[in-house]
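The block underneath contains the structure these notes are about, expressed in structure tokens.
Residue numbers (the working numbering): 67 to 367.
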């Protein structure tokens, strides 16, 4: 079939390029394998939503190639891509349902759109997420709207989920509930999630890998555990920094630092090895936000 490519990652972009006035995606490479949850991070305007829309075939591309479940993205909006679309669940950062309809109407629309629609599961999700079928879309808060979108994405039993800020607007308890639903989804074999989010603490709890985009380019793609479990922030004075730099414990190519009035923060790839070598220098656990700050704003010695 013309629209099917060779087997591989469930979600993939290869050299993905898209030009706008004032902004371009520049040869983006991104993959999500079976059983993976990949967190997609970056500043506002970095290219996350553009990448996701290109993967889904919502916008055309100027170069490279993208596919979901073996189907090229430019085929997903055509009749030949309908079977693949049945297997994709999507949540965008804004609701697309008409404001005057009730949640019960949203359910009926989806039941006609998907042959795999599970009305019983949708009802359970709605109840678990605290939504009423009699509520009109226009009366939903942003958080409630995200819950409805997530329930719709899950209720047709997709194989992959693509989530663009799906936990935005949710309070901490609601985010916990949403993450529980995503863990339930990933409990089944053969599934995958690509999840963009500014709430990186959510990604720390569920992601396997973190991919960061900045100004249309991928700037890092790392296992989440290498960031949050292994890496650290050494809180150095200037003399400490020079001593560490001269020691070779941190390779010169890895010497990324952030300067402050009170000293220099240094990214260390392995905080446990560093602590043994320099027990007198405090070293803290790294978060995804911390790592992004070092990569996007930090200096290289």
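Heads up, the beta-carbon is just placed ideally off N, CA and C, and yes, glycines get one too. Remember, it's a predicted structure, so these values are computed and weren't measured experimentally.
DSSP-derived helix/strand/coil call for residue i
i, result
"residue 259", "strand"
"residue 174", "helix"
"residue 346", "coil"
"residue 93", "strand"
"residue 116", "helix"
"residue 180", "coil"
"residue 456", "With the chain represented from 67 up to 367, any question about residue 456 goes unanswered, as that position is not in the structure."
"residue 67", "Note that residue 67 scores a pLDDT of 37, beneath 50, so its modelled location is shaky; the value from the coordinates is reported in the next line. Coil."
"residue 211", "helix"
"residue 351", "strand"
"residue 305", "helix"
"residue 283", "strand"
"residue 300", "strand"
"residue 310", "helix"
"residue 254", "coil"
"residue 266", "helix"
"residue 143", "coil"
"residue 293", "helix"
"residue 234", "coil"
"residue 121", "helix"
"residue 243", "helix"
"residue 216", "helix"
"residue 197", "coil"
"residue 248", "helix"
Inter-residue CB distance, residue i and residue j (contact presumed, cutoff 8 angstroms)
i, j, result
"residue 212", "residue 193", "Contact doesn't hold; Cβ gap of about 17 angstroms is too wide."
"residue 79", "residue 122", "Contact flag wrong, Cβ pair sits at about 11 angstroms."
"residue 365", "residue 89", "Not quite, the Cβ-Cβ distance comes to about 25 angstroms (not below 8 angstroms), so this is no contact."
"residue 222", "residue 184", "7 angstroms"
"residue 260", "residue 107", "Not really, about 12 angstroms apart at Cβ, beyond 8 angstroms."
"residue 76", "residue 98", "6 angstroms"
"residue 368", "residue 216", "Any question about residue 368 goes unanswered here, given that the chain covers just 67 to 367."
"residue 354", "residue 286", "The Cβ separation is near 11 angstroms, so there is no contact."
"residue 135", "residue 203", "29 angstroms between Cβ atoms; not a contact."
"residue 197", "residue 130", "Incorrect: roughly 39 angstroms between the Cβ atoms, too far for contact."
"residue 413", "residue 199", "Given a span of 67 to 367 for the chain in the structure shown, any question on residue 413 remains unanswerable."
Classification of residue i by the beta-carbon crowding that lies within 10 angstroms, buried from 16 upward
i, result
"residue 67", "Here residue 67 scores only 37 on pLDDT, less than 50, and its place in the model should not be relied on; the value that follows carries that caveat. Classification for residue 67: exposed."
"residue 113", "buried"
"residue 182", "exposed"
"residue 230", "buried"
"residue 337", "buried"
"residue 363", "exposed"
"residue 297", "buried"
"residue 173", "buried"
"residue 300", "buried"
"residue 219", "buried"
"residue 195", "buried"
"residue 304", "exposed"
"residue 328", "exposed"
"residue 257", "buried"
"residue 313", "exposed"
"residue 239", "exposed"
"residue 342", "exposed"
"residue 145", "exposed"
"residue 289", "exposed"
Beta bridge counterpart(s) of residue i as assigned by DSSP
i, result
"residue 132", "79"
"residue 288", "276"
"residue 162", "Residue 162 is not bridged to any residue."
"residue 323", "332, 365"
"residue 338", "In DSSP, residue 338 forms no bridge with anything."
"residue 222", "In DSSP, residue 222 forms no bridge with anything."
"residue 86", "89"
"residue 229", "157, 261"
"residue 168", "202"
"residue 105", "261, 276"
"residue 98", "77"
>> Does the region 268 to 279 come into contact with the region 323 to 338, if we say contact requires no fewer than three beta-carbon pairs (one atom in each stretch) closer than 8 angstroms?
In response: no
> How about the region 131 to 148 and the region 275 to 295: do they share at least three Cβ pairs that are nearer than 8 angstroms?
Replying inline: At 8 angstroms Cβ cutoff, the stretches do not touch.
> Are at least three pairs of beta-carbons, each pair with one atom in the region 306 to 322 and one in the region 248 to 257, less than 8 angstroms apart?
Replying inline: The region 306 to 322 makes no contact with the region 248 to 257, as fewer than three CB pairs between them are under 8 angstroms.
> Taking one C-beta from the region 233 to 248 and one from the region 188 to 207 each time, how about it: are there three or more such pairs within less than 8 angstroms?
Replying inline: yes
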